[in-house]
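Report on the following structure.
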Amino acid sequence: MIDIFRGIQRDLDGAAHLQRLGRLFSETVLIEVDGREVYLTFDKGRIEAVVEGPSRKTPWRFALRTDAEALGKFWEPIPAPGFHDIFGLVKIGRARIDGDILTLVKNLRFFKDVLALGRQTKEVAA
Amino acid sequence: MSIEPITGRYLTVTIGGTPHRIYFEEAGQSRPVLCLHTAGADTRQWRHLMNDASVTATHRLIAFDMPWHGKSLPPEGFETEEYLLTTEAYIETVLAVIDGLALDRPILAGCSMGGRIALQLAALHADRFSGFIAIEASDFQPAWYDIDWFHRPDAHGGEMGAALVSANISPFAPLVERWNTLWMFMQSGPGVFRGDLSFYTRDDSLIGRLAMIDTTKTPVHLIVGAYDLTCTPEDAARTARAIPGATLSVMDELGHFPMSEHPQGFRPFFLDGLAKMARGTDQAGQAA
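Line by line, the protein sequences give chains A and B. Numbering of the first sequence is given in our numbering, commencing with residue 733 and proceeding in unit increments. Numbering of the second sequence is given in our numbering, commencing with residue 319 and proceeding in unit increments.
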């Protein structure tokens, strides 16, 4: 899984339009998958670091907690209903969003589009 | 070069004692179909069907921008008013447009909040219509988000609204139409999406009125997309079950804005809905 997030980091480096959308976004986001932590540290629309947890010392702005199967379905080229969006995962009970949700909402298109980069990364990896 | 058959004009009607300048578009001939857009959007959501000759050969499609939306201005004095749509104002608006355009018992086709008000009108003013196509419509949907997110001085409500509703668009939707659909939300005036959502997520008065709907006089057909997180197929099915004689179609590959996000995918379902709109009481009993 960490490889997919590193792939997202790489793809974001090449996605000028996403960097423009996220130019005011410099926060750390916790992604927790089946209890395993990954910290994505954003700096002005780029991912500066992808760091595996666990960590009790890393502050984060918001967290997306889900399971590996749900995230795998989210990254399918055509996800099934409910698995097609992070809010869909929440609605079907397969994810939880914690922390400063308003910051997420203010940067929602950016964050969702960045996370969706995993669809192309996953295809390449396969 | 091409020029579309859609024409647009303005109508001034009085709603709540105040004049409102309403923008409306139409295309086609014969049986009128009044089309209602979703929250935070406008008439452009219906443009594909209005450009579909197989629909407009036998139906006159009319769509209007709700006050505060699209090319309909807010009423005089809006600068000090908090926009909060109510069931009563919405009903008055739809009936005022019908009167203003002298429409004789149109079919009412509404999506999302437009579908909700279509069912309210089916319960309270069925005699003004000849049938109802309620798309992505349900009895009630409490918010799974904070509607105040979408009207703040420190962020762009339209961009946040578009990012939120993108969760309701099917991955089968062509990219160009996904983004055309989202653009309308991005263009929405400040506080308008929030004011629509206030109606959509806080007014549960339809629940107790569903049993009043008489589908032997005016057929009711519900259509819902499987990728709609806001009004799920389960929500639409619950609503349809509460209306004796109502019918329901589920679209496996569509979301919350079917006529806009995936016109070709929606077309057969809309045509099927129109075919179910039997005329008047002579078709009584056939709605089920």
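Just so you know, even glycine gets a beta-carbon here, dropped at the ideal spot from N, CA and C.
Delimiting residues of the beta strand (DSSP E) encompassing residue i
{"i": "Met-569 of chain B", "result": "565-569"}
{"i": "Gly-479 of chain B", "result": "Per DSSP, Gly-479 of chain B belongs to no beta strand (DSSP E); it is in the alpha helix (DSSP H), 475-483."}
{"i": "Leu-803 of chain A", "result": "Counting along the chain, Leu-803 of chain A falls outside any beta strand (DSSP E), though it belongs to the alpha helix (DSSP H) covering 800-806."}
{"i": "Glu-344 of chain B", "result": "336-346"}
{"i": "Ala-747 of chain A", "result": "Neither: Ala-747 of chain A is in no beta strand (DSSP E) and is coded neither H nor E."}
{"i": "Leu-834 of chain A", "result": "From DSSP, Leu-834 of chain A is part of no beta strand (DSSP E) but of the alpha helix (DSSP H) over 833-838."}
{"i": "Leu-354 of chain B", "result": "349-354"}
Inter-residue Cα distance where the pair is residue i and residue j
{"i": "Leu-834 of chain A", "j": "Val-568 of chain B", "result": "33 Å"}
{"i": "Thr-405 of chain B", "j": "Val-542 of chain B", "result": "22 Å"}
{"i": "Arg-785 of chain A", "j": "Leu-547 of chain B", "result": "Correcting the residue type first, residue 785 of chain A is Gly in the shown sequence and not Arg. Cα to Cα, Gly-785 of chain A sits roughly 32 Å from Leu-547 of chain B."}
{"i": "Ile-487 of chain B", "j": "Arg-349 of chain B", "result": "30 Å"}
{"i": "Val-846 of chain A", "j": "Thr-336 of chain B", "result": "46 Å"}
{"i": "Asp-532 of chain B", "j": "Gly-449 of chain B", "result": "10 Å"}
{"i": "Phe-737 of chain A", "j": "Trp-792 of chain A", "result": "17 Å"}
{"i": "Arg-434 of chain B", "j": "Leu-524 of chain B", "result": "8 Å"}
{"i": "Ala-485 of chain B", "j": "Phe-806 of chain A", "result": "12 Å"}
{"i": "Asp-521 of chain B", "j": "Val-782 of chain A", "result": "45 Å"}
{"i": "Ala-555 of chain B", "j": "Lys-789 of chain A", "result": "48 Å"}
{"i": "Arg-527 of chain B", "j": "Ala-441 of chain B", "result": "6 Å"}
{"i": "Val-483 of chain B", "j": "His-469 of chain B", "result": "15 Å"}
{"i": "Arg-752 of chain A", "j": "Ala-473 of chain B", "result": "16 Å"}
{"i": "Gly-475 of chain B", "j": "Pro-508 of chain B", "result": "7 Å"}
{"i": "Asp-832 of chain A", "j": "Ala-420 of chain B", "result": "51 Å"}
{"i": "Ala-491 of chain B", "j": "Ala-481 of chain B", "result": "16 Å"}
{"i": "Tyr-401 of chain B", "j": "Pro-392 of chain B", "result": "9 Å"}
{"i": "Arg-339 of chain B", "j": "Trp-501 of chain B", "result": "23 Å"}
{"i": "Tyr-408 of chain B", "j": "Gly-777 of chain A", "result": "41 Å"}
{"i": "Leu-413 of chain B", "j": "Lys-838 of chain A", "result": "37 Å"}
{"i": "Phe-396 of chain B", "j": "Trp-386 of chain B", "result": "9 Å"}
{"i": "Pro-551 of chain B", "j": "Gln-741 of chain A", "result": "36 Å"}
Residue i (DSSP reduced to helix, strand or coil)
{"i": "Arg-828 of chain A", "result": "strand"}
{"i": "Asp-775 of chain A", "result": "strand"}
{"i": "Gly-428 of chain B", "result": "strand"}
{"i": "Leu-589 of chain B", "result": "helix"}
{"i": "His-574 of chain B", "result": "coil"}
{"i": "Met-328 of chain B", "result": "Note that residue 328 of chain B corresponds to Tyr in the displayed sequence, not to Met. In the structure shown, Tyr-328 of chain B sits in a strand (DSSP, three-state: E or B)."}
{"i": "Arg-423 of chain B", "result": "coil"}
{"i": "Phe-794 of chain A", "result": "strand"}
{"i": "Glu-579 of chain B", "result": "helix"}
{"i": "Ile-333 of chain B", "result": "strand"}
{"i": "Gly-603 of chain B", "result": "Residue placement at Gly-603 of chain B is flagged as unreliable, the pLDDT there being 39, under the threshold of 50; the coordinate-derived value follows with that caveat. Correct three-state label for Gly-603 of chain B: coil."}
{"i": "His-539 of chain B", "result": "strand"}
{"i": "Ala-414 of chain B", "result": "helix"}
{"i": "Ile-818 of chain A", "result": "helix"}
{"i": "Arg-768 of chain A", "result": "strand"}
{"i": "Ile-736 of chain A", "result": "helix"}
{"i": "Gly-449 of chain B", "result": "strand"}
{"i": "Ala-781 of chain A", "result": "strand"}
{"i": "Ile-810 of chain A", "result": "coil"}
{"i": "Leu-547 of chain B", "result": "coil"}
{"i": "Gly-598 of chain B", "result": "Here Gly-598 of chain B scores only 49 on pLDDT, less than 50, and its place in the model should not be relied on; the value that follows carries that caveat. Coil at Gly-598 of chain B, not helix or strand."}
Contacting residues, own chain, Cβ-Cβ under 6 Å from residue i (five flanking each side not counted)
{"i": "Glu-343 of chain B", "result": "Ile-324, Gly-326, Thr-361 and Ala-381"}
{"i": "Asp-745 of chain A", "result": "none"}
{"i": "Leu-352 of chain B", "result": "Ile-380, Pro-424 and Leu-426"}
{"i": "Gly-346 of chain B", "result": "Thr-374, His-377, Arg-378 and Leu-379"}
{"i": "Gly-418 of chain B", "result": "Leu-329 and Val-331"}
{"i": "Gly-820 of chain A", "result": "Gly-814"}
{"i": "His-366 of chain B", "result": "Pro-581"}
Beta-carbon separation (whole angstroms), residue i vs residue j, contact threshold 8 Å
{"i": "Leu-572 of chain B", "j": "Phe-588 of chain B", "result": "Between Phe-588 of chain B and Leu-572 of chain B the Cβ distance is about 11 Å, and since that is not below 8 Å, they are no contact."}
{"i": "Thr-798 of chain A", "j": "Arg-826 of chain A", "result": "6 Å"}
{"i": "Ile-465 of chain B", "j": "Thr-519 of chain B", "result": "6 Å"}
{"i": "Ala-558 of chain B", "j": "Ala-529 of chain B", "result": "With 8 Å as the limit, Ala-558 of chain B and Ala-529 of chain B do not qualify as a contact, their Cβ atoms being about 13 Å apart."}
{"i": "Pro-489 of chain B", "j": "His-816 of chain A", "result": "5 Å"}
{"i": "Ala-564 of chain B", "j": "Leu-592 of chain B", "result": "That belief does not hold up - the Cβ atoms of Ala-564 of chain B and Leu-592 of chain B are roughly 16 Å apart, past 8 Å."}
{"i": "Met-733 of chain A", "j": "Ala-800 of chain A", "result": "7 Å"}
{"i": "Glu-495 of chain B", "j": "Ser-578 of chain B", "result": "7 Å"}
Bounding residues of the alpha helix (DSSP H) (the contiguous stretch that carries residue i)
{"i": "His-377 of chain B", "result": "It is not in any alpha helix (DSSP H) - His-377 of chain B instead sits in the beta strand (DSSP E) that spans 377-382."}
{"i": "Thr-519 of chain B", "result": "510-520"}
{"i": "Asn-499 of chain B", "result": "Looking at the sequence itself, residue 499 of chain B is Thr, so the reference to Asn does not match. Here the alpha helix (DSSP H) through Thr-499 of chain B covers 493-505."}
{"i": "Arg-556 of chain B", "result": "551-559"}
{"i": "Ala-371 of chain B", "result": "371-374"}
{"i": "Gly-365 of chain B", "result": "Residue 365 of chain B is actually Arg in this sequence, not Gly. From DSSP, the alpha helix (DSSP H) with Arg-365 of chain B extends over 365-368."}
Nonlocal neighbours in the same chain, by C-beta distance under 8 Å from residue i, ignoring five residues either side
{"i": "Phe-774 of chain A", "result": "Gly-754, Phe-757, Ser-758, Glu-759, Thr-760, Val-761 and Glu-780"}
{"i": "Ala-436 of chain B", "result": "Leu-354, Leu-426, Ala-427, Gly-428, Phe-450, Ile-451, Ala-452 and Ala-455"}
{"i": "Ile-321 of chain B", "result": "none"}
{"i": "Lys-844 of chain A", "result": "Asp-817 and Ile-818"}
{"i": "Leu-566 of chain B", "result": "His-539, Leu-540, Ile-541, Val-542, Ala-554, Ala-555 and Ala-558"}
Contacts around residue i, its chain only, beta-carbon distance under 7 Å, and the 5 residues preceding and following it disregarded
{"i": "Trp-467 of chain B", "result": "Met-478"}
{"i": "Ala-357 of chain B", "result": "Ser-430, Met-431, Phe-511, Asp-514, Leu-515 and Tyr-518"}
{"i": "Thr-536 of chain B", "result": "Ala-440, Ala-444, Phe-447, Ser-448, Gly-449 and Phe-450"}
{"i": "Phe-794 of chain A", "result": "Val-761, Ile-829, Asp-830, Gly-831, Asp-832, Ile-833, Thr-835 and Leu-836"}
{"i": "Pro-811 of chain A", "result": "Lys-805"}
Interface partners of residue i on chain D, CB under 7 Å
{"i": "Phe-819 of chain A", "result": "Of the chains in the structure shown, none is chain D; the protein chains are A and B."}
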